[in-house]
Amino acid sequence: MADANHFDVVILGAGSGGYACALRAAQLGLTVALVEKGNLGGTCLHVGCIPTKALLHAAEVADATRDAGQFGVQASLEGIDMAGVNTYKDGVVQRLFKGLTGLIKGRGITVVEGAGRLVGRDAILVDTADGPQTLTGKNVVLASGSYSRTLPGLEIDGERVLTSEHALRLDKVPASVIVLGGGVIGCEFASVWRSFGAEVTIVEGLPRLMAAEDADSSAQLERAFRKRKIKALTGTMFESYEKTETGVRVTAGGQVLEAELLLVAVGRGASTDGLGYDEQGIAMDRGFVLADERCRTNVPGVFAVGDIVPGLQLAHRGFAQGIFVAEEIAGLAPTPIDETGIPRVTYCDPELASVGLTEAQAVEQHGADAVESLVYDLGGNGKSQILKTQGSVKLVRRKDGPVVGVHLVGARVGELIGEAQLIYNWEAFPADVAPLVHAHPTQNEALGEAHLALAGKPLHAHS
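Here my numbering = 1-based position in the sequence shown + 29.
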């Protein structure tokens, strides 16, 4: 008789990487156990991508209402009802959660609720409500996700000093916020709060906001934030903080700043502590699990996906890795994921979207003489004029070679990254894209125009 606790695949963590792996493995006829101590869907669905983007859409509606007059529409913004915003946000999350739960159940996946840890190369011990339960698997997939990091001496209290999880649960709009960190999370929350009417100051130790993006994208974002009266102190190191009667006082770069709240957005660490990985001989680096291009750890039969593996901490990366691992276990020999070909989007106003190499990375890899770039200003794009957005399409290519980087700035440009990732991943030359007909008037046209220009036949002015 088959052992009810033995499976082809046991997955620790039901976030984007874990649940995608479970769904694909079940689809391929494998028996699957999925271990999760929280809710199915993990960080992305409950305290990450989905709720933050819902807040950002509410922020867009607030800005559209406030600025309606410039379109000849008479409207006025009476205020932000955070209870109403949160009801909307939570409703989106709950509908998606319900759909995912039904999907998992319908595929015959065994969900084990409780905190799990690796106790053998093929075994996970789960503390369930009914007591400890040991699951064994021919293959084990580690997908335990990430947590909001802080700095030494900077204590999160959830009231005045917050992480993004706390920020998602605020019941009122703060009068003023200091955002520590000018990466994706910091810039998105800064954008939301400014749209809701708060005074916002970003403190970033690196020389520019969104330092992982192309330098031109950073410069445009900083200009747009200045215009929106979001203060950005770049190249400014955090020194200390103290609570005051009305909020917090932060010392950074020799300056003293005061605000009602402090958001700590200094990145995310891997959730691996106390999960038994070290004890089972899994190779680690600063809390992250080391895995090769096939998502294999150094221990045979043990795979790792998502935020615990060094690289881009993006839900769609974990999702793709989860599917990859399921197919690898099933013997389908899938093609490894090109990390550089994973699209990246930051949903602040203006949005930033990119795929491939920055200009600096391309120069580093291929040499300055072998790289050329082109910037197409959205000012020449009809739909962008209609939307009253500013920004650009920047293309980076190897001279006489394919496009190796696409960098977009402007309202809604995250929706353009689909075509951009095909261009990068299919190693298209500008001349391959130039003949493709782009619908008018769309922002998508700007991608077409930029490739026309880079192919040597510009129809409109570009820089």
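For glycine and all other residues, C-beta sits at the position ideal for the given N, C-alpha and C.
Those residues which DSSP pairs with residue i across a bridge
{"i": "Q284", "result": "A281"}
{"i": "I231", "result": "V208, A261"}
{"i": "F267", "result": "A281"}
{"i": "P161", "result": "D156"}
{"i": "S175", "result": "A299"}
{"i": "V141", "result": "V64"}
{"i": "A333", "result": "L171"}
{"i": "K272", "result": "V277"}
{"i": "H35", "result": "T165"}
Selection from the options that minimises the alpha carbon distance to residue i
{"i": "K272", "options": "D96, D307, E289, P372", "result": "E289"}
{"i": "G411", "options": "E478, A355, G351", "result": "E478"}
{"i": "R297", "options": "C73, D32, R146", "result": "C73"}
{"i": "A33", "options": "C50, L197, T165, D119", "result": "T165"}
{"i": "P431", "options": "E142, L445, L451, V438", "result": "L451"}
{"i": "Y270", "options": "R237, V64, E287", "result": "E287"}
{"i": "R323", "options": "L304, K118, I366, G305", "result": "I366"}
{"i": "I311", "options": "V293, L292, L291, A333", "result": "A333"}
{"i": "G211", "options": "W455, T263, V435", "result": "T263"}
{"i": "V338", "options": "K258, L445, M313", "result": "M313"}
{"i": "T326", "options": "A344, G128, F348, V354", "result": "V354"}
{"i": "G6", "options": "I109, D321, P181, L52", "result": "Residue 6 is absent from the structure shown; the chain starts at 30 and stops at 492."}
{"i": "L481", "options": "F458, T471, D110, Q472", "result": "F458"}
{"i": "V442", "options": "Y453, Q419, A391, W455", "result": "Q419"}
Where residue i sits in the DSSP three-state scheme
{"i": "R29", "result": "Given a span of 30 to 492 for the chain in the structure shown, any question on residue 29 remains unanswerable."}
{"i": "M239", "result": "coil"}
{"i": "N168", "result": "strand"}
{"i": "F126", "result": "helix"}
{"i": "G360", "result": "coil"}
{"i": "Q112", "result": "A small fix is needed here, since residue 112 is Ala in this sequence, not Gln. A112: helix per DSSP, three-state reduction."}
{"i": "R252", "result": "helix"}
{"i": "R325", "result": "strand"}
{"i": "R146", "result": "strand"}
{"i": "V318", "result": "strand"}
{"i": "V293", "result": "strand"}
{"i": "F353", "result": "helix"}
{"i": "F225", "result": "coil"}
{"i": "H491", "result": "Confidence in H491 is poor, its pLDDT being 47 and thus under 50, which makes the residue's placement too unreliable to answer from."}
beta-carbon residue i near the ligand NAD non-hydrogen atom, thresh 7 angstroms
{"i": "A449", "result": "Summarising the ligand content, the structure contains no ligands, and the ligand NAD is consequently not present."}
Inter-stretch contact (C-beta, 8 angstroms, three-pair minimum) for the region 222-237 and the region 266-283: yes
Every unbroken alpha helix (DSSP H) inside the region 373-460 [4 residues or more]: 388-395, 411-416, 446-454
Unbroken stretches of the alpha helix (DSSP H), 4 residues or longer, contained in the region 38-100: 45-56, 71-76, 78-95
Entirely enclosed alpha helix (DSSP H) segments - the region 185-209, minimum 4 residues: 193-196
Meets three-Cβ-pair contact criterion under 8 angstroms: the region 356-375 and the region 393-406: no
Segment contact flag, the region 168-181 with the region 34-43, C-beta cutoff 8 angstroms, min 3 pairs: yes
Inter-stretch contact (C-beta, 8 angstroms, three-pair minimum) for the region 180-191 and the region 308-320: no
Three or more C-beta pairs below 8 angstroms linking the region 438-449 and the region 375-384: yes
Sufficient close CB pairs (3 or more, under 8 angstroms) joining the region 199-206 to the region 58-69: Judged by Cβ distances under 8 angstroms, the region 199-206 makes no contact with the region 58-69, as fewer than three pairs qualify.
Inter-stretch contact at 8 angstroms, needing at least 3 Cβ pairs: the region 137-151 / the region 81-100: No, the region 137-151 does not touch the region 81-100.
Inter-stretch contact at 8 angstroms, needing at least 3 Cβ pairs: the region 127-143 / the region 55-65: Yes, the region 127-143 touches the region 55-65.
Stretch-stretch touch, CB-based, cutoff 8 angstroms, three pairs: the region 245-263 with the region 368-380: yes
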